[in-house]
Amino acid sequence: MNEQQNIQAVQEGYSLFNKGDIPNLLRLFTDDIEIIIPGTPDVIPYAGVYRGQEQVTTFFTKLHQAVQYERFEAQELIAQGNKVVALGYSKGQIRSNGQIIEEEWAHVFELQGEKVSRLQVFTDTAAVVQAFQTNKKMAF
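Per the numbering used here, the sequence shown starts with residue -11, numbered consecutively.
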């Protein structure tokens, strides 16, 4: 695929993620997909390295159980060869403590043919850790 097609594939992935359509999102990944999320799972429940479709499904389950996003968007996509870098912003609420989390991030995608084979996430892990460790509970 050319660079524009790679960007379109990544854009489709964000669209499916925002719709909560994980089964179709998984179809955009190779069977041996690798997703790398910074942090330690004892603080950030979805942090870690996930390999293969089954583990990546587990990642999306953990992410959904941990954070409810109200906004998750790639604001800029840059392609070179088989790589796409997405610069983006997200805002959500930590389900366990009600804390609002806002992040600017970079996602680096590697594609093989028409599918994503690797995704590495870069974010402010200190801010994410702080959000998860805050004991603020929402009062209803």
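We treat Cβ as the ideally placed atom computed from N, Cα and C, and that holds for glycine.
Since this is a predicted model, take the numbers as computed values, not measurements.
Pick out whichever of Leu14, Ala35, Gln53, Ala67 has its Cα sitting closest to the Cα of Glu42.
Leu14
What residue from Lys79, Val73, Ser105 has the CA that sits closest to Arg59's CA?
Lys79
Could you compute how far the alpha carbon of Ala74 sits from the alpha carbon of Asn123?
32 Å
Can you tell me where the beta strand (DSSP E) holding Gln68 begins and where it ends?
55 to 68
Tell me whether Val117 sits in a helix, a strand or coil according to DSSP, three-state version.
helix
Identify, in the order they occur along the chain, each residue of the same chain with its Cβ nearer than 8 Å to the Cβ of Gln(-7), setting aside the five sequence neighbours on each side.
Closer than 8 Å at Cβ, skipping near neighbours: Glu102.
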